[in-house]
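Colleague: Dumping the structure here so I can ask a few things about it.
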Amino acid sequence: MIRAGMPLPLGAYERCGGVNLAVFSRHATQVSLLLFDAPLAEAPCRSIDLDPAQHRTGDIWHVWIESLDRGAIYAWRVNGPYQPEQGHRFNPHKVLLDPYAAALVGTECWDFACACGFEATSPARDLSFSREDNSRWQAKCLVGDGAFDWQGDQRPHHTWADTLIYETHVRGFTVHPSAAVEQPGTYLGLVEKIPYLKELGITAV
2 MIRAGMPLPL GAYERCGGVN LAVFSRHATQ VSLLLFDAPL AEAPCRSIDL
52 DPAQHRTGDI WHVWIESLDR GAIYAWRVNG PYQPEQGHRF NPHKVLLDPY
102 AAALVGTECW DFACACGFEA TSPARDLSFS REDNSRWQAK CLVGDGAFDW
152 QGDQRPHHTW ADTLIYETHV RGFTVHPSAA VEQPGTYLGL VEKIPYLKEL
202 GITAV
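In the numbering used here, the protein residues as written are 2 to 206.
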């Protein structure tokens with residue numbers, strides 16, 4: 002059974018014996034939910050076109066699906082204007098990730114070039130339009146339960162007066178050889194830099 006669903010919260014959440022999915026798109030003219038039976042599936046096993054009269058509230062598209070639960074693999078396909086000069090690059094040939102997804106699957110075969118909405122080899126470059134379907138090579142989203150086991154971990158109790166926030170880019174902070182980390186350009190590399198950050202008096206990154 003498919004129902005209209007709720008516009009909030011964004012993402013995919015278990016609700017009343019099913020899953021509610023919601024995604025923001027102000028200028029979309031058509032949104033389709035894609036369900037996959039495997040992370041590297043060549044095509045979705047089911048595609049659900051959302052009727053804006055029923056599945057749109059403001060700029061949020063939403064749907065509730067009965068008996069869908071955690072572990073389900075999904076993605077979106079969104080159509081709308083392709084007007085790069087106005088910042089619109091909708092491409093119905095491309096499978097899109099949910100920016101609020103709890104987790105991703107199929108990242109080991111993720112082909113970023115195939116995900117581009119334009120033809121990388123075209124003389125028109127990013128003003129061109131790609132008709133290549135990237136379903137097979139696109140990472141997919143996973144419905145999670147929204148819970149996380151913190152294993153008794155607690156937040157540091159720094160007062161605002163003692164807080165020193167360091168804003169950084171994970172790759173930029175760790176990729177240069179001078180960073181002297183074993184995992185450059187990664188979150189693990191950033192973890193290796195924690196003692197250095199603490200030595201500087203940094204309390205939040």
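A virtual CB, placed ideally from N, CA and C, is assigned to each residue, including glycine.
For the candidate residues L11, S179, E200, N135, whose alpha-carbon lies nearest to that of A102?
Modeller: With distances taken between Cα atoms, A102 lies closest to L11.
Colleague: Please confirm whether S136 and E43 have their CB atoms less than 8 Å apart.
Modeller: Cβ atoms of S136 and E43: closer than 8 Å.
Colleague: Can you tell which of I74, L69, S33 has the C-alpha that lies nearest to the C-alpha of F91?
Modeller: Nearest option by C-alpha distance: S33.
Colleague: Roughly how many angstroms lie between the CA atoms of K141 and C110, to the nearest whole one?
Modeller: About 11 Å.
Colleague: With DSSP collapsed to three states, give me the class of Q152.
Modeller: Three-state result, Q152: coil.
Colleague: CA-CA distance, R172 and P185?
Modeller: Between R172 and P185, the C-alpha separation is close to 7 Å.
Colleague: Could you pull out every unbroken beta strand (DSSP E) segment of at least 3 residues lying fully inside the segment 5-47, listed in chain order?
Modeller: Counting only runs of 3 or more, we get 12-16, 19-25, 31-37.
Colleague: Taking the alpha-carbon positions, what's the I49 to E193 distance?
Modeller: About 44 Å.
Colleague: Report all residues from its chain with a CB closer than 6 Å to the CB of H159; omit the five preceding and five following residues, and keep chain order.
Modeller: If we look at H159 and ignore the five residues flanking it on each side, its Cβ neighbours are T204.
Colleague: A54 lies in the alpha helix (DSSP H); which residues open and close that run?
Modeller: Note, A54: alpha helix (DSSP H), 53-56.
Colleague: By DSSP, does W195 sit in helix, in strand, or in coil?
Modeller: A quick correction: the sequence has Ile, not Trp, at residue 195. It is helical.
Colleague: Please list the segments of the alpha helix (DSSP H) lying wholly inside the segment 50-124, counting only runs of 4 or more residues, in order along the chain.
Modeller: As far as the segment 50-124 is concerned, its whole alpha helix (DSSP H) runs of at least 4 residues are 53-56, 113-116.
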